[in-house]
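In what follows, a structure is listed as structure tokens, so that the remarks can point back to it.
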Amino acid sequence: MEIKFTFEEKEIQKVVRRFAREDILPIRKEVDRQGDLPEGIKERFIEMGFLRSPFPEAYGGVDGTFTGLVIALKELSYGSMIPAWMLFENFMLAYPLLRYGSEFLKDTYLPGLISLETIGALAFTEADTGSDPTQLKTVAERVKGGWLINGSKRFITNSGICNHMILFARTGNDVTAFVVQSDKEGYKPGKRETFIHSAAFDNGDLYLEDYFAPDDHVIGEVGQGFEILLQTEAVGKIAFSAFFIGLAERALDLAVQYANTRTHRGKPIGGKFQMTQWKIARMMVRIEAMNAYLFHVCARVDGGKEIFTEAALLKLMVAEEVKAVILDAMEIHGAYGLSQEYEVADLYRTAIGAQVIMGSLDIQRVIIARGILGKAHYSHHS
Ligand SMILES: Cc1cc2nc3c(=O)[nH]c(=O)nc-3n(C[C@H](O)[C@H](O)[C@H](O)COP(=O)(O)OP(=O)(O)OC[C@H]3O[C@@H](n4cnc5c(N)ncnc54)[C@H](O)[C@@H]3O)c2cc1C
């Protein structure tokens, strides 16, 4: 399968690739530690407007493609996860607003999110569940003119720094999606998490105490929240997979550089040992396969096709393959692969996040298996 990018997508790739490699990569450690880009570089990053690609002009977008955004995410994460993550979190609110939100919600929130003037988030997970929407305990109760939300959320990225988020709460037997604003009464961030793979990200508990959401802050219909969550997470898994492939590409480049320069009895290990060549070849096979499937699924999104099972498949594949690629890169580095001073160890720490964020791997397996069990035979769709 040949991946054919449009002129605009190729331009995005060229510009982001240069920016990530020339401006971000040399300061990667500092960016990852601070969880932010330094002044000057941040302004340029915001001006480049990579999140505009899949959104309509009417809301500050450019009527481009989802593929364009995914290219930007992958290229950015080659330099650092931080700028890619800024785009991703805003996308996770902007996408459901565009697809399900009223004109009022789109006009109010999309321009700020797309231009990165505001910070977005998504809040589903609770202390007792991250996988099962039927176990949600956060409740929205009908009151005059809107809804009163009470409950708590856990592991919510950006919940301490965002301006607004999409939040899922029970409304009777159903789930409903709301826009929740952090500057309103009843919005209370709690304990912050420090994950091993991303210490700089803001992530933690959130309490809703008699938080009032007016009727016009319901996204879609009352009771449509489960569908909105599944569709948003499906597209999110694709965007999210792109970051991790960016990490794998960086790991391959580091392994090749190391194999070309580390010597054994005067000869570079890359040229000398077939075992090293075998690992490099295996890394490349995995990266090529991930890229081919990533952009195949992106083309389905841009073509308006269903991607629910494909997104689960991509996420499962990427979480497993990226880890394997980075482990090979670490092995080629010998003991230096475990050194805090070497970038490849940081890549591994980041990569293990892929197995939980945006849904556990078991859940992806359940989705994939359900897609085929009951069918007479496997047939690849065109
Ligand atoms: C860095 C980070 C950022 C995050 N950001 C956000 C965020 O911004 N917003 C948000 O809402 N959440 C966020 N999360 C939470 C994340 O989405 C959940 O942790 C994840 O969905 C898993 O949920 P859980 O931890 O409750 O695990 P559980 O759902 O309790 O699962 C525990 C184990 O049981 C298995 N299991 C559960 N149900 C089934 C089933 N039906 N079939 C088979 N196996 C099953 C799982 O695979 C897993 O191995 C974040 C998590 C991390 C680590």
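Taken in order, the sequence shown gives residues 0 to 381; the numbers are from numbering that gives the first Met the number 0.
Note that the Cβ used here is the ideal one computed from N, Cα and C, for glycine as well.
- When the alpha-carbon of residue 49 is set against those of 24, 8, 29, the nearest one is in 8.
- When Cβ pairs closer than 8 Å are counted between the two stretches, the stretch 230-248 is seen to touch the stretch 65-82, the count reaching three or more.
- With a beta-carbon spacing of about 6 Å, residue 227 and residue 218 fall inside the 8 Å limit used to define contacts.
- Partner residues in the beta bridge of residue 164, as assigned by DSSP, are 179.
- Taking 8 Å as the cut-off, the C-beta of residue 196 counts as close to a heavy atom of ligand 1.
- One Cα belongs to residue 120, the other to residue 187, and the distance between them is close to 14 Å.
- Taking the C-beta atoms as reference points, residue 53 is found nearer than 9 Å to residue 64.
- Pairing residue 51 with residue 59, the inter-Cα distance amounts to about 7 Å.
- Every beta strand (DSSP E) of 3 residues or more that sits fully in the stretch 183-221 is shown, in chain order, as 186-191, 202-213.
- Annotation for residue 2: 294 place their beta carbon closer than 6 Å to its own, counting only its chain and skipping 5 residues before and after.
- Counting only the Cα atoms, residue 42 lies some 15 Å from residue 75.
- Contact between residue 139 and residue 107 fails: their C-beta atoms lie close to 20 Å from each other, not under 8 Å.
- Relative to the non-hydrogen atoms of ligand 1, the Cβ of residue 162 never comes closer than 8 Å to any of them.
- DSSP, reduced to helix, strand and coil, places residue 148 within a strand of the structure shown.
- Between the stretch 331-343 and the stretch 251-268 there are three or more inter-stretch CB-CB distances shorter than 8 Å, so the stretches are counted as touching.
- Linking residue 278 to residue 327 through their CA atoms gives a straight-line distance of about 6 Å.
- Taking every protein chain shown into account, the CB of residue 118 has 16 or more other CB atoms within 10 angstroms, so this residue is buried.
- Counting only residues of its own chain and dropping the five nearest sequence neighbours on each side, residue 124 has a CB closer than 6 Å to the CB of 153, 154.
- For residue 7, the enclosing alpha helix (DSSP H) starts and ends at 6-17.
- Annotation: residue 166 to residue 146 spans about 13 Å, alpha carbon to alpha carbon.
- For residue 311, the uninterrupted alpha helix (DSSP H) segment begins and ends at 307-331.
- Under DSSP, residue 125 forms a beta bridge with 128.
- When C-alpha distances from residue 148 are compared across 170, 315, 129, the shortest belongs to 170.
- As the crow flies, the alpha-carbon of residue 195 is around 38 Å from that of residue 220.
- When the Cα atoms are used, residue 62 and residue 33 turn out to be separated by approximately 33 Å.
- Exclusion of the five residues before and after residue 222 leaves 170, 173, 175 as the residues of its chain whose Cβ lies within less than 7 Å of its Cβ.
- Under DSSP, residue 140 shares a beta bridge with 147.
- Per the C-alpha coordinates, the member of 22, 336, 324, 356 positioned closest to residue 233 is 356.
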